[in-house]
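Chemist: In our numbering, the protein residues as written are 597 to 816. Glycine included, each C-beta is placed from N, C-alpha and C at the ideal position. These numbers were taken from a predicted model, which means no experiment stands behind them.
(1) Within 10 angstroms of the Cβ of residue 772, are there 16 or more other Cβ atoms? Answer buried if so, exposed if not.
(2) Per DSSP, which one or two residues make a beta bridge with residue 754?
(3) Who are the near neighbours of residue 679 in its chain, counting only those whose CB is closer than 6 Å to its CB and skipping five residues on each side?
(4) If you compare alpha carbons, which of 762, 738, 763 and 764 is closest to residue 754?
(5) Identify whether residue 770 lies in helix, strand or coil by the three-state DSSP scheme.
(6) Taking the CB atoms as reference points, tell me whether residue 795 and residue 670 lie closer together than 7 Å.
(7) So what's residue 780 in DSSP terms, helix, strand or just coil?
(8) Any idea which residues DSSP pairs residue 689 with across the strands?
(9) By a C-beta neighbour count over all protein chains shown, 10 Å radius and 16 as the cutoff for buried, is residue 639 buried or exposed?
(10) Flag this pair as yes or no: are the beta carbons of residue 732 and residue 757 separated by less than 7 Å?
(11) According to DSSP, which residues form a beta bridge with residue 795?
(12) Can you pull the DSSP bridge partners for residue 639?
Right under this line is the structure:
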């Protein structure tokens with residue numbers, strides 16, 4: 597066997613429970629909820645409270661809902677097609693990975709979480725093995741040189757690191773797959789759930805609400 601294809605076959609065998617890939621019309625949805633906790637050195641740093649991530653269980657781009665507080669306000673932002681959910685293997689070990697980074701604009705923020713395969717999601721006849729939990733880190737930094745204000749106390753710029761710990765939302769993922777929802781439909785349902793919890797979509801006043809994952813949308 598060509599060694600270049602061996603890792604791909606290992607992933608294929610570990611991820612797809614019935615031995616074949618899902619077609620687009622039979623896509624499985626996974627929904628993860630992440631909590632953040634400040635971790636490591638930082639300065640002038642605040643970050644999100646939660647992230648809800650929706651992706652195709654077989655891998656692909658991810659859509660994010662990030663929640664945070666501003667005074668008494670409970671706010672959220674949405675970022676669609678931001679980073680990716682995928683699988684990596686070494687020998688017989690396969691892990692699920694969630695990776696995303698805002699490479700332009702301000703602030704510059706990146707997320708990375710990894711998890712062991714430990715749960716099966718199913719839509720129709722297709723079964724896919726995915727992580728039940730994931731752990732990682734988020735990093736964010738900005739020199740704030742483009743912001744049109746001067747801090748009265750002389751503070752400017754920020755940088756910091758947060759740990760991120762996520763769990764597969766088993767019931768929500770199952771409900772989405774039982775209803776044959778697309779990633780977009782499942783994402784819309786999670787947004788509606790966030791709003792029922794009392795969160796309001798953040799408006800930065802720029803009119804840029806296209807959810808394209810641009811750095812300017814990431815406001816910790």
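Modeler: If we stick to the structure as given:
(1) So residue 772 ends up on the buried side.
(2) Listed as beta-bridge partners of residue 754 by DSSP are 738.
(3) Counting only Cβ-Cβ distances below 6 Å, and skipping sequence neighbours, we find 658, 695 and 696.
(4) Cα-wise, what sits closest to residue 754 is 738.
(5) Residue state, collapsed to three classes: helix.
(6) Taking the C-beta atoms as reference points, residue 670 is found nearer than 7 Å to residue 795.
(7) Looking at residue 780 - three-state DSSP - the assignment turns out to be helix.
(8) Looking at the DSSP output, residue 689 bridges to 686.
(9) Looking at its Cβ environment, which holds fewer than 16 other Cβ atoms inside 10 Å, residue 639 is exposed.
(10) The Cβ atoms of residue 732 and residue 757 do not sit closer than 7 Å to each other.
(11) Under DSSP, no beta-bridge partner is assigned to residue 795.
(12) Paired residues: 755.
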